[in-house]
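Below is one structure; the comments refer to it alone.
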Amino acid sequence: MTTPAGERLFKIVEIPAVVGLFAMMVHTVANAFSRTVFGEPITGTLERVQYWYMPLVVLLGFVIAMHRGEHVWADMFFTRFPRASKRYVAAGASIVCAAVCILAAVYSFAHAQHNRAIELTAGLTDIAAWPLTYLVPITFAIFGTQYLVLTSKQLRNKEIDDAGSAVAVEPEAATTAETETAR
Numbered sequence: 272m273t274t275p276a277g278e279r280l281f282k283i284v285e286i287p288a289v290v291g292l293f294a295m296m297v298h299t300v301a302n303a304f305s306r307t308v309f310g311e312p313i314t315g316t317l318e319r320v321q322y323w324y325m326p327l328v329v330l331l332g333f334v335i336a337m338h339r340g341e342h343v344w345a346d347m348f349f350t351r352f353p354r355a356s357k358r359y360v361a362a363g364a365s366i367v368c369a370a371v372c373i374l375a376a377v378y379s380f381a382h383a384q385h386n387r388a389i390e391l392t393a394g395l396t397d398i399a400a401w402p403l404t405y406l407v408p409i410t411f412a413i414f415g416t417q418y419l420v421l422t423s424k425q426l427r428n429k430e431i432d433d434a435g436s437a438v439a440v441e442p443e444a445a446t447t448a449e450t451e452t453a454r
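In the numbering used here, the protein residues as written are 272 to 454.
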């Protein structure tokens, strides 16, 4: 069975997030082991975790959660709207979210350019921190695009659920079934 291009793209996004999470775990455990057994920590562990692993895991996690529809919806006001207006309210909120994400992408790209120009390092170490600052605008651009796709789906879908939580990029039916079975 072939996978849609969108699913393959998000599998590619998941790989660095999983590798970053695994590397962070191994690095942290190795640091604790080294500190306990040898009395000397691995130099730069905190900086690598703070400036490399955590942004990689968290930022890519935003995109993956949005794609899978596994992020939190705050729908305490949304449920009070009349059924006929819910899809327009949801689409309006998604447009605002997309605009905020696009503005964050533009601002963070300028910030990443500045960080590259000054060759930002992690704390007082020589570990380069500027390369990963480019992940912020990329992530927010993808996130904004996901909100625009969600807006389109919300406007086309006349039967929106009470939460307004239509999935931004429809996952493959088999993947959805596997996720529901695992829950």
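Glycine included, each C-beta is placed from N, C-alpha and C at the ideal position.
These figures come from a predicted structure and were not determined experimentally.
Please state whether DSSP places T392 in a helix, a strand or coil.
As a first step, residue 392 is located in the sequence shown; it is residue number 121 there, counting from the start. If DSSP states are grouped into helix, strand and coil, T392 belongs with the strands.
Are the beta-carbon atoms belonging to T410 and A400 less than 9 Å from one another?
Along the sequence shown, read from residue 1 onward, the residue named residue 410 stands at position 139. Along the sequence shown, read from residue 1 onward, the residue named residue 400 stands at position 129. Against a cut-off of 9 Å, the Cβ pair of A400 and T410 comes out as no contact.
Compare the C-alpha of I283 against each of V300, L331, T416 and name the closest.
Looking up residue 283 in the sequence shown gives position 12. Of the candidates V300, L331, T416, the one whose C-alpha sits nearest the C-alpha of I283 is L331.
Comparing alpha-carbon positions, which option in A336, F309, G291 lies nearest V320?
If you number the sequence shown from 1, residue 320 lands on position 49. With distances taken between Cα atoms, V320 lies closest to G291.
Cutting at 7 Å between CB atoms, please list the residues of its own chain near A301, excluding the five before and the five after it.
Here the question's residue 301 lines up with position 30 in the sequence shown. So the qualifying residues of the chain are I313.
Nearest to V293 by alpha carbon, out of F309, A303, Y324?
The residue you call residue 293 lines up with position 22 of the sequence shown. Going by the sequence as given, residue 293 is Phe instead of Val. Nearest of F309, A303, Y324 to F293, Cα basis: Y324.
Applying the criterion that 16 or more other CB atoms from any shown protein chain within 10 Å of the CB defines a buried residue, is S379 buried or exposed?
One-based indexing of the sequence shown puts residue 379 at position 108. Classification of S379: buried, given that the 10 Å Cβ count is 16 or more.
Run through DSSP, which three-state label would H342 get?
As a position in the sequence shown, residue 342 is number 71, starting the count at 1. H342: coil per DSSP, three-state reduction.
Start and end of the alpha helix (DSSP H) containing L426?
Counted from its first residue, the sequence shown places residue 426 at position 155. L426 -> alpha helix (DSSP H) spans 406-427.
Could you check whether T396 and G315 sit closer than 9 Å to each other, using their CB atoms as the reference points?
As a position in the sequence shown, residue 315 is number 44, starting the count at 1. As a position in the sequence shown, residue 396 is number 125, starting the count at 1. Yes.
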